[in-house]
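Asks: Protein chains in written order, with the numbering used here: chain D, 914 to 996; chain G, 495 to 990. For glycine and all other residues, C-beta sits at the position ideal for the given N, C-alpha and C. Submitted below is the structure of interest, expressed as C-alpha cells.
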Amino acid sequence: MNREELIAKTNEVLAEEFEVAIEDITPDADIKSTLELDSLSLVDMVALIEETFNVEIKGQDISKIKNFDALYDFILAKINGEK
Amino acid sequence: MKYDVVIIGGGLGGLECGYMLAKKGLSVCIVEKNARTGGCLQNFTRNGHIFDTGFHYVGGLAEGQPLNKIFSALGLLDLPWKQLDTDCFDEVIFNGERYRFANGYDNFTETLLHDCEKNGHTINAKAQSGLKEYANLLKEIGETTFDRLNKKSLEHLAAESYFSKPIYQYLKETIYNELLIGILGGTSLKMELEEKTLPLYTFSQINSSFVQSAWRLRGGGEQIATTLAAKIEGMGGKVLTRLEVTRIVEKDGKAEAVEIGAGEYIEGKAFISNLHPALTLSLINRENSSIKNIFRRRICNLENTFGMFTVNLALKAGRVPYLNRNIFINKNTDTVWNKNGERENFENRSLMVSFQVPENEAVHTDNIDILMPMYWNEVSKWEGTKLFRRGEEYEDFKAKTAEICIRRVEEYLPDLKGTIEGTFTSTPLTYRDYTGTINGSAYGIRKDYSRAMLTVLSPTTPLQNLFLTGQNLNLHGILGVSMTALMTSAIVEGSF
Numbered sequence: 914m915n916r917e918e919l920i921a922k923t924n925e926v927l928a929e930e931f932e933v934a935i936e937d938i939t940p941d942a943d944i945k946s947t948l949e950l951d952s953l954s955l956v957d958m959v960a961l962i963e964e965t966f967n968v969e970i971k972g973q974d975i976s977k978i979k980n981f982d983a984l985y986d987f988i989l990a991k992i993n994g995e996k
Numbered sequence: 495m496k497y498d499v500v501i502i503g504g505g506l507g508g509l510e511c512g513y514m515l516a517k518k519g520l521s522v523c524i525v526e527k528n529a530r531t532g533g534c535l536q537n538f539t540r541n542g543h544i545f546d547t548g549f550h551y552v553g554g555l556a557e558g559q560p561l562n563k564i565f566s567a568l569g570l571l572d573l574p575w576k577q578l579d580t581d582c583f584d585e586v587i588f589n590g591e592r593y594r595f596a597n598g599y600d601n602f603t604e605t606l607l608h609d610c611e612k613n614g615h616t617i618n619a620k621a622q623s624g625l626k627e628y629a630n631l632l633k634e635i636g637e638t639t640f641d642r643l644n645k646k647s648l649e650h651l652a653a654e655s656y657f658s659k660p661i662y663q664y665l666k667e668t669i670y671n672e673l674l675i676g677i678l679g680g681t682s683l684k685m686e687l688e689e690k691t692l693p694l695y696t697f698s699q700i701n702s703s704f705v706q707s708a709w710r711l712r713g714g715g716e717q718i719a720t721t722l723a724a725k726i727e728g729m730g731g732k733v734l735t736r737l738e739v740t741r742i743v744e745k746d747g748k749a750e751a752v753e754i755g756a757g758e759y760i761e762g763k764a765f766i767s768n769l770h771p772a773l774t775l776s777l778i779n780r781e782n783s784s785i786k787n788i789f790r791r792r793i794c795n796l797e798n799t800f801g802m803f804t805v806n807l808a809l810k811a812g813r814v815p816y817l818n819r820n821i822f823i824n825k826n827t828d829t830v831w832n833k834n835g836e837r838e839n840f841e842n843r844s845l846m847v848s849f850q851v852p853e854n855e856a857v858h859t860d861n862i863d864i865l866m867p868m869y870w871n872e873v874s875k876w877e878g879t880k881l882f883r884r885g886e887e888y889e890d891f892k893a894k895t896a897e898i899c900i901r902r903v904e905e906y907l908p909d910l911k912g913t914i915e916g917t918f919t920s921t922p923l924t925y926r927d928y929t930g931t932i933n934g935s936a937y938g939i940r941k942d943y944s945r946a947m948l949t950v951l952s953p954t955t956p957l958q959n960l961f962l963t964g965q966n967l968n969l970h971g972i973l974g975v976s977m978t979a980l981m982t983s984a985i986v987e988g989s990f
C-alpha cells in the first residue's frame, strides 16, 4: 500500500466511524479536535486503526501523534516495519 | 420512582458501589437476576455442606493494608475472618519439593531462599538480590495501591508503566533464575500466567496483597454479599433479586431506564453495570444508538481468561485435619507459565487445594475444594446445554477429571479418597450459567501489557450516565473489584 492509498483508506474509515466530513481531515489538522475525541473515543480510534491495517499501537505511541500527517507516517512505518 | 442510581448485577462490585453511593445519600436500586446476590461470592449447599463458588481467600486485610481500608469503610471487618499462617499462607509444591510463601516482604524472600537451600538448590548472589528487588517492588506497589485510583483518565491509566510492562520479562531480567521464577508463579491460580500478555501490575498487585497478609472467611464468601445488601437496604436502598435486566433504554445519548421484562421499567439518573462489558453492550439497541460500532467491536473482541474446574469434596466428620494454608500442586517449575499458548494436560496442570475453616476452632475440616484452570474449548461442545441437563458424556468428563484431581491431591493428602462423603464438580459452563461470566472466564477480560490501552477499561462509557464496574476493568479478585468499585463510585458521585 502506498502513501496515497493509505491516506485515502485512513480518512475513509475515520470519517465514517466518527461521523465527520472527509474534507475536514487534512494533514495539518489536529486529530483530537477534528474527530472530537475524548479519552474514550481516542481508544476507539486506536482500535479502528489496528483493525483496519492489522497493526498494534501502544499507548505511548499514540500520545505523540498530534495531526493526521503524523498518523499516516506512523501507520506507514508500522506496516513497513511489520512486513 | 426514579432512582439516583440503578445498578445492574448484584455481584461484589455492584454491591460495593451500591453501599458507597447509598452512604452518600443517593437513592440506589440493585437489580440481580439470580435468587441471591453475590455473583462469584455465592455459596451453595450440597449434602448439608456449604461450599464457596469463586471465593477462597483475600490478601491485605490486616490493619493499615489496602483491603482493610476498603472493608473497614464497608463495615465488613466484623465478619469471622481467619488469618492464614503467617510463616506459610501458601505452600507451593513442585514434584514433591515444598516451598513456603510467608507474610512480610523480608520474611517472604528469606523463607523462599531457605526452602530452596533445603530442597538442594543453590541460589547465587545475583538471583538472591533479584528476589529482594522483586520483594521491594511488591512493597512499593502495596504501599501505593490507592495512588493508581487517582488516575481516572484511561490515557493516564494505560500509560502507567506497571500496566505496560511484562511481568515475565521483568522477572527474567531481575532474577535470572528459572527455578525462582517458576516458584513465584507457583500460586498461579490467582491469575492466568500468560507469559506473552500478563502485565507486571496484575501479578505484583495481587501477590503484594497476599504477602502482606492472607485470610479466609469462616462460613463462606456470601456473607460479604448478604452483609452489604442488608446495609444498603438499611440505608433505604433496594436490592431486587430474581429480576433480569433485558434492555438498557437509551435516549439522546443517555441511559433512561432498564427494562425488566415486557413493558416494565426501572428509571434512573445514573446507571452502573456490574456485568461483563460485552454483555452490558448487548443490552443496548444498535439502532439509533450513540454508541459507535467501533466501541462495540473493540469491547466484544477482547479475550477472556481461562475458567475453573472445581471439585468440592464433602468430607466425613473428624477425618481430615484442617490446614491453615493453601496448597498449590504443580508438576514442574517450567510448566507454571503458559508459553506459546501450549496447554498442559490435566495430569500436569497446576492445582489449588483450599480447606474450609471449621466452626468452633475444630481441628478437622468438613470440606476441601480443588481448583484447576480449564479452558473454554475443553467444554464448549456442551455450550448449548443447560444446568443439570448436559448429558451423560459431560457427566462422564467431569467424573474422570475429578478422579485425576483427587488422585493428584492424594499424593500429598494420603487416603483422601476414603474420607470423601460426596463429590461435586463444576466447569466453566457452570460458572457461565450461575455468574453470567462470558465463557465461564474466572477473571474476565485478559489484560495484555502490550495493549494496555485497549485491555484496561475505563468505568465511563459513550453513554454519559452509564458506568461500568467489576473485575473486567482493571484488576480481578476481591481487592481489584473493590478498588474498581471505589473508582466507579467516585466518578458516579461526581456526575451528580
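1. Going along chain G in order, which residues have a C-beta closer than 7 angstroms to the C-beta of Ala928(D)?
2. Rounded to whole angstroms, how far is the Cβ of Gly731(G) from the Cβ of Gly512(G), which I believe are closer than 8 angstroms?
3. If we ignore side chains and look at the alpha-carbon of each, how far apart do Ser658(G) and Met495(G) end up?
4. Near Asn967(D), which residues of its chain fall below 6 angstroms by C-beta distance, leaving aside the five closest residues on each side in sequence?
5. With respect to the beta strand (DSSP E) encompassing Arg813(G), which residues constitute its N-terminal and C-terminal limits?
6. Compute the distance between the beta-carbons of Leu950(D) and Val926(D), then report whether it is under 8 angstroms.
7. Check the Cβ of Pro956(G) against every Cβ in chain D and list those closer than 8 angstroms, keeping chain order.
8. For Leu948(D), which residues in chain G fall below 8 angstroms Cβ to Cβ?
9. Please list, in chain order, the chain D residues whose beta carbon lies closer than 9 angstroms to that of Arg792(G).
10. Leaving out five residues before and five after Ile914(G) in sequence, what residues of the same chain have Cβ atoms less than 8 angstroms from its Cβ?
11. Please classify Phe640(G) as buried or exposed, where buried requires at least 16 other C-beta atoms within 10 Å of its C-beta.
12. Quick one: is Met947(G) near chain D, going by C-beta distance under 8 angstroms?
13. So, with DSSP's three-state summary, where would you put Gly934(G)?
14. With 8 angstroms as the threshold, decide whether the Cβ of Ile778(G) is near any Cβ in chain D.
15. Which runs of the beta strand (DSSP E) at least 3 residues long sit entirely within the stretch 555–591 of chain G? Give them in chain order.
16. Roughly how many angstroms separate the alpha carbons of Ala886(D) and Leu948(D), rounded to a whole number?
17. Roughly how many angstroms lie between the CA atoms of Asp909(G) and Leu817(G), to the nearest whole one?
18. Listing by chain order, which chain G residues have their CB less than 8 angstroms from the CB of Glu917(D)?
19. Would the stretch 516–530 of chain G count as touching the stretch 717–736 of chain G if we require 3 or more Cβ pairs under 8 angstroms?
20. Measure the C-alpha to C-alpha separation of Glu672(G) and Asn589(G) and round it to an integer number of angstroms.
21. Using a Cβ-Cβ cutoff of less than 6 angstroms, which residues in the same chain neighbour Lys977(D) once the five nearest sequence positions on both sides are dropped?
22. Which residue's Cα is closest to the Cα of Leu907(G): Arg813(G), Ser935(G), Tyr695(G) and Tyr497(G)?
23. At the level of alpha carbons, what is the spacing between Arg540(G) and Phe918(G)?
24. The alpha helix (DSSP H) spanning Ser946(D) covers which residue range?
25. Under 8 angstroms, do Asp863(G) and Phe545(G) count as touching if we go by C-beta distance?
26. I want to verify the contact list: residues of chain G whose CB lies under 9 angstroms from the CB of Glu925(D), in sequence order.
27. What do you get for Asn782(G), buried or exposed, if any count of 16 or more other CB atoms within 10 angstroms of its CB means buried?
28. Find the nearest neighbour of Met846(G) within the set Gly971(G), Leu881(G), Ala619(G) and His550(G), judged by alpha-carbon distance.
29. Specify, as a first and last residue, the run of the beta strand (DSSP E) that Leu520(G) falls within.
30. Is Glu969(D) close to chain G? Criterion is C-beta to C-beta, closer than 8 angstroms.
31. If you check the beta carbons only, do Val936(G) and Gly728(G) fall under 8 angstroms apart?
32. Excluding the five sequence neighbours on either side, which residues of its own chain have a C-beta within less than 7 angstroms of the C-beta of Leu570(G), listed in chain order?
33. Along chain D, in chain order, which residues have C-beta atoms closer than 8 angstroms to that of Asn787(G)?
34. Looking only at its own chain, which residues have a Cβ that is under 6 angstroms from the Cβ of Leu648(G), when we skip the five neighbours before and after it?
Replies: So, from the listed chains and residues:
1. Per Cβ cutoff of 7 angstroms: no residues; Ala928(D) is ~13 angstroms from chain G at best.
2. 6 angstroms
3. 45 angstroms
4. none
5. Where Arg813(G) is concerned, there is no enclosing beta strand (DSSP E), given that its DSSP letter is neither H nor E.
6. no
7. Leu953 and Ser954
8. Chain G residues near Leu948(D): none, gap ~11 angstroms exceeds 8 angstroms.
9. Val956, Asp957, Val959, Ala960, Leu961, Glu963 and Glu964
10. Leu807, Ala808, Leu809, Lys810 and Ile900
11. exposed
12. yes
13. helix
14. no
15. 575–577 and 584–588
16. No information on residue 886(D) is available, as it lies outside the stretch 914 to 996 that chain D covers here.
17. 16 angstroms
18. Those within 8 angstroms of Glu917(D) in chain G number zero; the least Cβ separation is about 24 angstroms.
19. yes
20. 15 angstroms
21. none
22. Arg813(G)
23. 8 angstroms
24. Ile944 to Thr947
25. yes
26. Per Cβ cutoff of 9 angstroms: no residues; Glu925(D) is ~14 angstroms from chain G at best.
27. exposed
28. His550(G)
29. Segment: none, Leu520(G) is in no beta strand (DSSP E) and carries neither H nor E.
30. yes
31. In the sequence on display, residue 936(G) carries Ala and not Val. Their beta carbons are not under 8 angstroms apart, which means Ala936(G) does not touch Gly728(G) by this criterion.
32. Ile718 and Thr721
33. Glu930
34. Unreliable placement is indicated for Leu648(G), whose pLDDT of 49 sits below 50; the coordinate value is still reported in the next sentence. Excluding positions up to five away in sequence, the list reads Ser952.
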